[in-house]
Amino acid sequence: MLSIVVPCYNEEESILLFYKEMERVHQTINEAFEYIFVNDGSTDQTLSIIRELAKDDSEQVRYISFSRNFGKEAGLYAGLEAAKGDLITVMDVDLQDPPELLPQMIERVRTTDADCIGTRRISRDGEPPIRSFFARLFYKLINKIGDTEMVEGARDFRVMSRQMVDAVLELSEYNRFSKGIFSWVGFKTEYLEYENRERVAGNTSWSFWSLFNYSIDGIVNFSDTPLNIASFVGAFSCIASGIALIFIVVRALLFGDPTSGWPSLISVFLFVGGLQLLCLGIIGKYIGKIFLETKKRPIYIVKETEDTNKLNVLSSDDK
Ligand code: UDP
Ligand code: MG
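Start counting the sequence shown at -19; every next residue gets the next number (the working numbering).
Structure representation (C-alpha cells):
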C-alpha cells in the first residue's frame, strides 16, 4: 500500500482537483492508496472539504486536523507518523508535484535497490526571478558550508520505503528542515527530473521573507559554519587591531602625537561594534534554537481526525 501524505493550508480550491487527478492516475497502477490529508489550521473551507471527502471515500481517505497553523514541516511529520503503508509519499495539494510521475516512482522503488525516488525541478519557470536567484544562492551556500548535501531543486515529493520513513521519524527535533532531514538519514535516493508546474489554484503561502527565514533555519539547523566564521572574524580583528596599535604607539614615540584622525577612529569604533553585534546575533540564533529544542514542546497538536470527528460520532449516535 502507498500512503500519500498531503499537507494543506488554505487549499479549499485545490483539494478536490488533486484528489480527482490522483484517482485518475490510481487507475493505471496496481497499488492500494491511503490518503492522509493534514489540515494545518486552515481558515477557509479546507477542513469541511476534507471531512466530506473522508466520508465519501472512507476506504482510502484519512485526515488529521491541527489546532492551529503549525507549518508545513509539522504537517509532514504528523502525516508520516500516521502513515501505515509500506511505501510513503509526500505531495503538495496544489498539483505542483505531478501525480503522473507516481507510477514510474513506485515501479522504481519496488524493482530497484533504491530506498527513495525523489523528484527534482530542472526549471523554475513561472517563479519570480528574484526568488529563483536566492534559491540558487541558498543551495550553493548550504552545500558549501553544511555537511549534509542538499540537491538543488529537489522537492519534498518523494516515494520512500517504510525503513527510511522510520528513520526520518526518529529525528524528532522541534526545528524541522525536511530537505536536510531526508538527506541526513541517508539511504539510496534517485531523482526523477521534471519541468516546473504552476499551482492549479490558490496562492502560495510563502512570502519572500518567510522563505528567507526558512533558508536561515536550514543553515542554522544543518551547519555550525556561521559560528566558526564569527570566531574567525573575532580573532582576525583582534590580530589586525593589535598590529595597528603597535604601529600607532611607535609612530607617536618617533614623531610626537598630533591630535588628528578622529573620524577614522569613530569609523573603526562603529565597525568593530557592528561586528560584535553581528557575531552576537549569530550566536543568539543558535541559542534560540537550543531554547526551543529544550522545551520539548510537541511538534503539532491534533484537534480532529476521521476517528474523532464529533459530527460523525453525533450522527451515528442518532441512528
Ligand atoms: N502548507 C502547509 N502549511 C503551511 C504552508 C503550506 O501545510 O503553513 C502546504 C500547502 O497547503 C501546500 C504545501 O504545503 O500543500 C506547499 O505550499 P505552497 O504551495 O504554498 O509552497 P510552494 O509550492 O510555493 O513552495
Ligand atoms: Mg506549491
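Think of the CB as a built atom: it goes at the ideal place given N, C-alpha and C, for glycine as much as any other residue. In this text the structure is predicted, and so the values were computed from the model without any measurement.
- The Cβ atoms of residue 272 and residue 174 do not sit closer than 8 angstroms to each other.
- Residue 204 and residue 128 have their alpha carbons spaced roughly 12 angstroms apart.
- Straight across, the Cα-Cα distance linking residue 40 with residue 105 is about 34 angstroms.
- CA-CA distance, residue 193 to residue 34, rounds to 35 angstroms.
- Of the heavy atoms belonging to the ligand MG, none sits nearer than 7 angstroms to the Cβ of residue 100.
- In the structure shown, the three-state DSSP call for residue 172 is strand.
- Under DSSP, residue 134 shares a beta bridge with 100.
- Here residue 110 carries a helix assignment [DSSP, helix/strand/coil].
- At a threshold of 7 angstroms, residue 72 counts as near the ligand MG, since its beta carbon sits closer than that to one of the ligand's heavy atoms.
- Cα atoms of residue 252 and residue 115: separation of roughly 31 angstroms, rounded to the nearest angstrom.
- Classified as exposed, residue 178 has fewer than 16 neighbouring CB atoms from the shown chains inside 10 Å of its CB.
- Here residue 198 is near residue 122, since their CB atoms are less than 8 angstroms apart.
- Close CB contacts of residue 75 within its chain, under the 8 angstroms cut and outside five residues either way in sequence, are with -6, -3, -2, 1, 177, 179, 180 (chain order).
- Assigned with DSSP and collapsed to three states, residue 244 falls in helix.
- Annotation for residue 145: the continuous alpha helix (DSSP H) segment containing it runs 142 to 150.
- At least one heavy atom of the ligand UDP is found less than 7 angstroms from the C-beta of residue 55.
- If you draw a straight line from the Cα of residue 47 to the Cα of residue 188, it is about 26 angstroms long.
- Given a length threshold of 3 residues, each whole run of the beta strand (DSSP E) inside the region -6 to 75 is given here in chain order: 13 to 19, 41 to 46, 67 to 70.
- The beta carbon of residue 210 lies closer than 7 angstroms to those of 259, 262, 263 in the same chain, with the five residues before and after it left out.
- Rounded to the nearest whole angstrom, the CA to CA distance from residue 24 to residue -9 is 8 angstroms.
- By the neighbour-count definition (other C-beta atoms within 10 Å, threshold 16), residue -15 is a buried residue.
- Residues of the same chain with a CB within less than 7 angstroms of the CB of residue 228, apart from the 5 flanking positions on each side, do not exist.
- For residue 267 and residue 256, the gap between their C-alpha atoms comes out near 16 angstroms.
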